[in-house]
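*Asks:* Residue numbers (UniProt numbering), protein chains in the order written: chain A, 1 to 296; chain B, 1 to 278.
Sharing a structure, written as structure tokens. Questions coming.
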Amino acid sequence: MRNNRIGAYLFSFPSLFLTLVFGIYPIIWALRYMFFDYQGFGTPRFIGLDNFARVARDTEFWHSVWNTFIYAGGKLVITLPLSLILAVILNQKLRGRHLFRAIFFMPTIFSASVMAIVFYIVFNSYNGILNQYLMKLNIVSAPIDWLGASFAMLTTIIIAAWGAIGNYMLLFLAGLQSIPDDIYEAASLDGVNPVQRLWYITIPMLGPVLQMIIMLAITVSLKGYESIMVLTEGGPFGKTEVMYLYLYKLFFPLTTTGTSVQNIGYGSAVGFTTAVIVGLVTWIYFWVSKKLNSIY
Amino acid sequence: MTIRKILVRTPVWLLLLSMSVLLLFPIVVALLGSFKTNLELTTGATLFPAEWQFKNYVQAWNQADFSAFTFNSMFVAVFVTVGTLLVASMAAYAVDRVAFKGKKLFILLQSFTLFISIGAVVLRPQFDLMVSIGLQKSLWGVIIILISAHATAFFMVVGFFRGIPRELDEAALIDGCNFYSIFWRIILPLLRPALAVVALFTFRGAWNEYILPLVFSLTRPDLQTLPVGLASLRYGAGAAVENQLMLAGACISILPLLLVYIFANRSFMQVTAGSVKG
Chain A
1 MRNNRIGAYL FSFPSLFLTL VFGIYPIIWA LRYMFFDYQG FGTPRFIGLD NFARVARDTE
61 FWHSVWNTFI YAGGKLVITL PLSLILAVIL NQKLRGRHLF RAIFFMPTIF SASVMAIVFY
121 IVFNSYNGIL NQYLMKLNIV SAPIDWLGAS FAMLTTIIIA AWGAIGNYML LFLAGLQSIP
181 DDIYEAASLD GVNPVQRLWY ITIPMLGPVL QMIIMLAITV SLKGYESIMV LTEGGPFGKT
241 EVMYLYLYKL FFPLTTTGTS VQNIGYGSAV GFTTAVIVGL VTWIYFWVSK KLNSIY
Chain B
1 MTIRKILVRT PVWLLLLSMS VLLLFPIVVA LLGSFKTNLE LTTGATLFPA EWQFKNYVQA
61 WNQADFSAFT FNSMFVAVFV TVGTLLVASM AAYAVDRVAF KGKKLFILLQ SFTLFISIGA
121 VVLRPQFDLM VSIGLQKSLW GVIIILISAH ATAFFMVVGF FRGIPRELDE AALIDGCNFY
181 SIFWRIILPL LRPALAVVAL FTFRGAWNEY ILPLVFSLTR PDLQTLPVGL ASLRYGAGAA
241 VENQLMLAGA CISILPLLLV YIFANRSFMQ VTAGSVKG
């Protein structure tokens, strides 16, 4: 039993086979096609690094990279502090804390694309529900163009934060539970106020967990594009175009906006570049947070 | 002391209550709005419907094809859940209980697929693979690809395996069980509560999946799942936008998850919390 190798290979085979065929092969496929000129039909033509030269010159792509940083940065700035504060509050013996946890986590269980439809009806510029309320309460006199050029990015960030706060609250809660209570007891004897307690005890004590959660948050928010795709398709005028959405359009042109053409060779090169960008950002964060840790 | 306590407590409660309102607002809008008329939705600025329009659901179900979308979503989610549980728990059993050559490489491979993402690029070769075995015209293509992304479930099950003592395996071995019957008769029954949590997680993921079924149904509208069918209403060709149908459709997707969540929210949260403790 302990060394039933045949059994072990037999049992891990389905997993291995599926992972290799549908997980690894597509990556190798892309690594090959990024050196080819291929539109999805005809014979692929080898063109060396030409696709990457085109990526470097592609202002639309770099614009989407810039948008991705705004989108991810905005989402993190709203989500992380809020979810940490909520976690700290709900980690105390507070009446109804289980109910609040359940309420705050609820948005994370629903489909991002389905909720994007609901948010479309809420934020709709002309007759959306939010504008109806704002005008009824006399907060604004004319409807705000939430999905227009100047507000669309903010709207998508709010929607992303809405779906993420509960998730990070729970991750922080799990981390907080590993901080021993006696530290807080000692601090309260010394007359520490709640803000000092958060800044000087909780955040340093979270240490590696905090670092891991932030890293997860960065990679997840750089990759998100589902709800943007449903809500704005990257518009208006590319204002909400993030890099993974731009990439999607190179492979599956959206029929409604219809601006891009399928381009597999070039798309593979863009895919490789986006993966490198995400990896680079993660690595820089890791490096900086390590430096900061050693200063402490 | 009491005044100080009130000074600290009041902003805390205000924050908790206002966050609850903000986070619940879209869900409440969807639930209540799905019973309103289109006119009420676009001009009303009311919370509750003047008259409960149950016919929105009848209309969405019959005319807007949500019966087909729901069937497709259910079909995909059920088979992906069963498949993922089977594939992940079998692999986890081998990895946790047997020392075999290539085990480290196998684990490395699984974690690699978790961290590397080249986005929509993989969809094209995945689709081509399904074309080559003739599965692009059915939901089985979607199901198999979703099962292949089982790395998270695999690591979750491996974590749960740690809670089952190896002495049990050995005792069963002495009693005449072999490698396979230990898995079926000892491990799986003991893992049942843990697998229920993984099943919940997997079912939610498959039920909510948008991009993959979208790509498979681009030329086959009959394969649309709930998120895909719903999103297509947003850019519906020519037809007047019918908000009440979109909300009724959204609720058809939301309600099953919401019902399960009300009864099992601890299990939902256990998955997320567990990923930190690792």
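C-beta: ideal position from N, C-alpha, C; glycine also.
Computed from a predicted structure; not experimentally measured.
Residue 369 of chain A versus chain B: which residues are under 9 angstroms apart at the beta carbon?
*Replies:* Not covered by the structure: residue 369 of chain A. The range shown for chain A is 1 to 296.
*Asks:* Per DSSP, what kind of secondary structure is residue 65 of chain B in: helix, strand or coil?
*Replies:* For this step, residue 65 of chain B is matched to residue 65 along the second sequence. The answer is coil: DSSP assigns residue 65 of chain B none of H, G, I, E or B.
*Asks:* When the Cβ atoms of the region 272-280 of chain A are set against those of the region 114-124 of chain B, are three or more pairs found closer than 8 angstroms?
*Replies:* The answer is yes - the region 114-124 of chain B touches the region 272-280 of chain A, with three or more Cβ pairs under 8 angstroms.
*Asks:* Along the chain, where does the alpha helix (DSSP H) containing residue 63 of chain A start, and where does it finish?
*Replies:* Against the first sequence, residue 63 of chain A aligns to sequence position 63. Per DSSP, residue 63 of chain A belongs to the alpha helix (DSSP H) from 59-90.
*Asks:* Along the chain, where does the alpha helix (DSSP H) containing residue 33 of chain A start, and where does it finish?
*Replies:* The sequence position of residue 33 of chain A within the first sequence is 33, counting from 1. Its alpha helix (DSSP H) spans residues 25-33.
*Asks:* Any C-beta of chain B sitting closer than 7 angstroms to the C-beta of residue 102 of chain A?
*Replies:* For the purposes of this step, residue 102 of chain A is identified with residue 102 of the first sequence, where counting begins at 1. Yes, its Cβ sits closer than 7 angstroms to a Cβ of chain B.
*Asks:* Report yes or no: is there a C-beta of chain B within less than 7 angstroms of the C-beta of residue 130 of chain A?
*Replies:* To locate residue 130 of chain A, count along the first sequence from 1; it is residue 130. No, residue 130 of chain A does not count as interfacial toward chain B.
*Asks:* Would the beta-carbon of residue 246 of chain B fall within 7 angstroms of that of residue 117 of chain A?
*Replies:* Position 246 of the second sequence, counted from the start, is the residue given in the question as residue 246 of chain B. Position 117 of the first sequence, counted from the start, is the residue given in the question as residue 117 of chain A. Yes. Within cutoff.
*Asks:* Is residue 59 of chain A buried or exposed, if buried means 16 or more other CB atoms sit within 10 Å of its CB?
*Replies:* Here residue 59 of chain A is taken as the residue at index 59 of the first sequence, counted from 1. Answer is exposed; the Cβ neighbour count stays below 16.
*Asks:* So with CB distances below 7 angstroms, who are the chain A contacts of residue 227 of chain B?
*Replies:* To locate residue 227 of chain B, count along the second sequence from 1; it is residue 227. Chain A residues near residue 227 of chain B: 111, 113, 114.
*Asks:* What is the DSSP secondary structure of residue 269 of chain A, counted as helix, strand or coil?
*Replies:* Here residue 269 of chain A is taken as the residue at index 269 of the first sequence, counted from 1. Correct three-state label for residue 269 of chain A: helix.
*Asks:* If distances are taken between C-alpha atoms only, which option among B:210, B:250, B:16 comes closest to residue 123 of chain B?
*Replies:* Working through the second sequence from its first residue, we reach residue 123 of chain B at position 123. Checking every option, the nearest Cα to that of residue 123 of chain B belongs to B:210.
*Asks:* Excluding the 5 residues preceding and the 5 following residue 18 of chain A in the sequence, name in chain order all residues of the same chain whose CB lies nearer than 8 angstroms to its CB.
*Replies:* Within the first sequence, numbered from 1, the residue matching residue 18 of chain A stands at position 18. Within the same chain, residue 18 of chain A has no close Cβ partners at all.
*Asks:* Look at the alpha carbon of residue 233 of chain B and the alpha carbon of residue 129 of chain A, and state the distance between them as a whole number of angstroms.
*Replies:* Residue mapping note: residue 233 of chain B aligns to position 233 of the second sequence, counting from 1. Residue mapping note: residue 129 of chain A aligns to position 129 of the first sequence, counting from 1. If you take the alpha carbons of residue 233 of chain B and residue 129 of chain A, they lie about 18 angstroms apart.
*Asks:* Taking C-beta to C-beta, are residue 264 of chain A and residue 23 of chain A nearer than 7 angstroms?
*Replies:* Against the first sequence, residue 264 of chain A aligns to sequence position 264. Against the first sequence, residue 23 of chain A aligns to sequence position 23. Taking 7 angstroms as the Cβ cut-off, residue 264 of chain A and residue 23 of chain A do not qualify as a contacting pair.
*Asks:* Compute every distance between the C-beta of residue 49 of chain A and the non-hydrogen atoms of the ligand NAD, then say whether any falls below 6 angstroms.
*Replies:* For the structure depicted, the ligand NAD is absent and the ligand set is empty, with no information on it obtainable.
*Asks:* Strictly under 7 angstroms for the Cβ-Cβ distance: is residue 121 of chain A near chain B by that measure?
*Replies:* Translated into the one-based positions of the first sequence, residue 121 of chain A becomes position 121. By this cut-off, residue 121 of chain A is an interface position.
*Asks:* Can we say the region 259-273 of chain B touches the region 190-201 of chain B, given the rule of at least three CB pairs closer than 8 angstroms?
*Replies:* Touching, yes.
*Asks:* For residue 37 of chain A, name the three-state secondary structure that DSSP assigns.
*Replies:* Walking along the first sequence from the start, residue 37 of chain A turns up at place 37. Strand.
*Asks:* Got a sec: is the Cβ-Cβ distance from residue 26 of chain B to anything in chain A below 7 angstroms?
*Replies:* By 1-based counting over the second sequence, the position of residue 26 of chain B is 26. Closer than 7 angstroms to some Cβ of chain A, the Cβ of residue 26 of chain B qualifies, so yes.
*Asks:* Under the three-state reduction of DSSP, which class applies to residue 161 of chain B: helix, strand or coil?
*Replies:* As a working mapping, residue 161 of chain B is identified with position 161 in the second sequence. Correct three-state label for residue 161 of chain B: helix.
*Asks:* With residue 125 of chain B and residue 26 of chain A assumed to form a contact (beta carbons below 8 angstroms), what rounded beta-carbon distance in angstroms separates them?
*Replies:* Counting from one through the second sequence, the residue named residue 125 of chain B turns up at place 125. Counting from one through the first sequence, the residue named residue 26 of chain A turns up at place 26. Residue 125 of chain B to residue 26 of chain A, Cβ: 4 angstroms. Contact.
*Asks:* For residue 48 of chain B, which three-state DSSP category applies?
*Replies:* Your numbering for residue 48 of chain B matches position 48 in the second sequence. In this structure, residue 48 of chain B counts as coil in the three-state DSSP scheme.
*Asks:* Classify residue 98 of chain A as buried or exposed, calling it buried when 16 or more other Cβ atoms lie within 10 Å of its own Cβ.
*Replies:* Within the first sequence, the letter at position 98 stands for residue 98 of chain A. That one is exposed.
*Asks:* In whole angstroms, what separates the C-alpha of residue 208 of chain A from that of residue 194 of chain B?
*Replies:* Numbered from its first residue, the first sequence carries residue 208 of chain A at position 208. Numbered from its first residue, the second sequence carries residue 194 of chain B at position 194. Looking at the two C-alpha atoms, the distance is approximately 27 angstroms.
*Asks:* Can you give me, in chain order, the residues of the region 180-212 of chain B that have a beta carbon less than 9 angstroms from any beta carbon in chain A?
*Replies:* Residues passing the 9 angstroms Cβ filter: 180, 182, 183, 204, 207, 208, 209, 210, 211.
*Asks:* Does the beta carbon of residue 57 of chain B sit closer than 7 angstroms to a beta carbon anywhere in chain A?
*Replies:* Indexing the second sequence from 1 puts residue 57 of chain B at position 57. Chain A, which has no Cβ nearer than 7 angstroms to the Cβ of residue 57 of chain B, makes this no.
*Asks:* Note the first and the last residue of the continuous alpha helix (DSSP H) segment covering residue 42 of chain B.
*Replies:* In the second sequence, counting from the first residue as 1, residue 42 of chain B sits at position 42. Note, residue 42 of chain B: alpha helix (DSSP H), 38-43.
*Asks:* Just to make sure I have the definition right: I need the residues of chain A whose C-beta is within less than 7 angstroms of the C-beta of residue 272 of chain B. Which are they?
*Replies:* In the second sequence, counting from the first residue as 1, residue 272 of chain B sits at position 272. Within chain A, the residues near residue 272 of chain B are 167, 170, 171.
*Asks:* Across which residues does DSSP place residue 45 of chain A in a beta bridge pair?
*Replies:* Translated into positions along the first sequence, residue 45 of chain A becomes position 45. DSSP output for residue 45 of chain A lists A:37 as bridge partner(s).
*Asks:* Considering only the alpha carbon of each residue, which of B:10, B:141, B:14, B:61 lies closest to residue 244 of chain B?
*Replies:* Start at 1 with the first residue of the second sequence, and residue 244 of chain B comes out as number 244. Closest by alpha carbon: B:61.
*Asks:* Residue 244 of chain A versus chain B: which residues are under 9 angstroms apart at the beta carbon?
*Replies:* On the first sequence, position 244 is the one that residue 244 of chain A refers to. Within 9 angstroms Cβ-Cβ: 117, 119, 120.
*Asks:* With H, G and I counted as helix, E and B as strand and the rest as coil, what does DSSP make of residue 169 of chain B?
*Replies:* As a working note, residue 169 of chain B is residue 169 in the second sequence. Reduced to three states, the DSSP call for residue 169 of chain B is helix.
*Asks:* Looking at residue 28 of chain A and residue 37 of chain A, is the spacing between their C-beta atoms short of 7 angstroms?
*Replies:* As a working mapping, residue 37 of chain A is identified with position 37 in the first sequence. As a working mapping, residue 28 of chain A is identified with position 28 in the first sequence. No, they are not a contact pair.
*Asks:* Determine, using beta carbons only, whether residue 7 of chain A comes closer than 7 angstroms to chain B.
*Replies:* As a first step, residue 7 of chain A is located in the first sequence; it is residue number 7 there, counting from the start. Yes, its Cβ sits closer than 7 angstroms to a Cβ of chain B.
*Asks:* For residue 226 of chain B and residue 234 of chain A, I'd like the C-alpha separation in whole angstroms.
*Replies:* For this step, residue 226 of chain B is matched to residue 226 along the second sequence. For this step, residue 234 of chain A is matched to residue 234 along the first sequence. Near 22 angstroms, if we compare the C-alpha coordinates of residue 234 of chain A and residue 226 of chain B.
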